[in-house]
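If you count the sequence shown from 1, position 128 lands on 134 in the numbering used here, and the numbers rise without skipping.
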Amino acid sequence: MVVGQVTHELELNVPASHAWGLYGTLRLPKLIEEGFSNVIQRIEVEGDGGVGTVLNVIYQPGTGPTNNNKEIRKFTIIDNEKRIKEAETISGGYLELGFTLYRIRFEIIEKGSDSSIIKNVIEYELKPEAEANASLVSTQTVAGIAELAKKLLNETKE
């Protein structure tokens, strides 16, 4: 089994509570859907945003990680106190490429009264025969999401 992790951090000029108001809710999938419309056709949400909520990510033709244009992710951890949210791919996407685990964790870290950090961690496990696919794991998407979030959060500062 091949195990790995990649991390991306972005500093925000907003309080952690303000950032969590986006990351800790279903506003984030909507932001991703709108901000990445060239890649994502739509995100269908099944649930109330809590643990167990399922996101059906439908990619624009030819833009997903595989030829199958659908990936299903499930929220497995949401900790409002620690400001951590995790989503695992449970069908499609990277799982079709030999990954046995593909998990994204968003963490909002309080830096000061008016600043915070978005920490994104992608954890993965691969079957040994698919080891070469580890090179497909990148923080590019979560970095883009963080930049979109930063822009929106700066526009909606209270």
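All residues carry an ideal CB built from backbone N, CA and C; glycine is no exception.
Assuming the contact rule is C-beta atoms closer than 8 Å, lysine 28 and isoleucine 123 should be a hit. Round their C-beta distance to whole Å, please. The sequence position of residue 28 within the sequence shown is 22, counting from 1. The sequence position of residue 123 within the sequence shown is 117, counting from 1. Residue 28 is actually leucine in this sequence, not lysine. At roughly 14 Å, the Cβ-Cβ gap does not stay under 8 Å, so leucine 28 and isoleucine 123 are not in contact.
Tell me, please, which residues DSSP counts as bridged to asparagine 62. Locating residue 62 in the sequence shown gives position 56, counting from the first residue. Answer is Glu50 and Ile78, bridged to asparagine 62.
Quick one: Cα of threonine 59 to Cα of serine 119, how far? The residue given as residue 59 occupies position 53 in the sequence shown. The residue given as residue 119 occupies position 113 in the sequence shown. About 31 Å.
According to DSSP, aspartate 85 sits in a beta bridge with which residue or residues? For this step, residue 85 is matched to residue 79 along the sequence shown. Beta-bridge partners of aspartate 85 (DSSP): Ile90.
What residues in its chain sit with their C-beta under 8 Å from that of proline 134, if we drop five residues either side in the sequence? In the sequence shown, counting from the first residue as 1, residue 134 sits at position 128. Met7 and Val8.
Are the segment 82-94 and the segment 48-63 in contact at 8 Å, needing three or more beta carbon pairs? Contact between the segment 82-94 and the segment 48-63 is present, because at least three Cβ pairs lie under 8 Å.
Report yes if the C-beta distance between lysine 91 and phenylalanine 105 is below 8 Å; otherwise report no. Within the sequence shown, numbered from 1, the residue matching residue 91 stands at position 85. Within the sequence shown, numbered from 1, the residue matching residue 105 stands at position 99. The answer is no: Cβ separation not under 8 Å.
Using 10 angstroms around the beta-carbon of asparagine 126, count the other beta-carbons present and answer buried if the total reaches 16, otherwise exposed. As a working mapping, residue 126 is identified with position 120 in the sequence shown. Label assigned to asparagine 126: buried.
In its own chain, which residues sit with a C-beta less than 7 Å from the C-beta of isoleucine 114, not counting the 5 before and 5 after it? Locating residue 114 in the sequence shown gives position 108, counting from the first residue. Closer than 7 Å at the Cβ level, and outside the excluded window around isoleucine 114, lie Ala22, Ala25, Trp26, Tyr29, Arg89, Ser122 and Ile124.
Just to confirm, are alanine 149 and histidine 14 a CB contact at a threshold of 8 Å? Numbered from its first residue, the sequence shown carries residue 149 at position 143. Numbered from its first residue, the sequence shown carries residue 14 at position 8. With respect to histidine 14, alanine 149 sits close: the two C-beta atoms are nearer than 8 Å.
Should alanine 93 be labelled buried (16 or more other beta-carbon atoms within 10 Å of its own) or exposed? As a first step, residue 93 must be located in the sequence shown, where it is residue number 87. Classification of alanine 93: buried, given that the 10 Å Cβ count is 16 or more.
Which ranges does the beta strand (DSSP E) cover as unbroken runs of at least 3 residues, wholly within the segment 126-155, from first to last along the chain? Within the segment 126-155, no run of beta strand (DSSP E) reaches 3 residues while sitting entirely inside it.
One question on the structure: do glycine 70 and glycine 99 come within less than 8 Å of each other, judged by their Cβ atoms? To locate residue 70, count along the sequence shown from 1; it is residue 64. To locate residue 99, count along the sequence shown from 1; it is residue 93. Less than 8 Å separates the beta-carbon of glycine 70 from that of glycine 99.
8 Å is my cut-off, CB to CB: does glutamate 116 come that close to chain D? The structure shown has no chain D; it contains just one protein chain.
Can you look up glycine 188 in the DSSP assignment and give me helix, strand or coil? No statement about residue 188 is possible, as the shown extent of the chain runs from 7 to 164 and does not include it.
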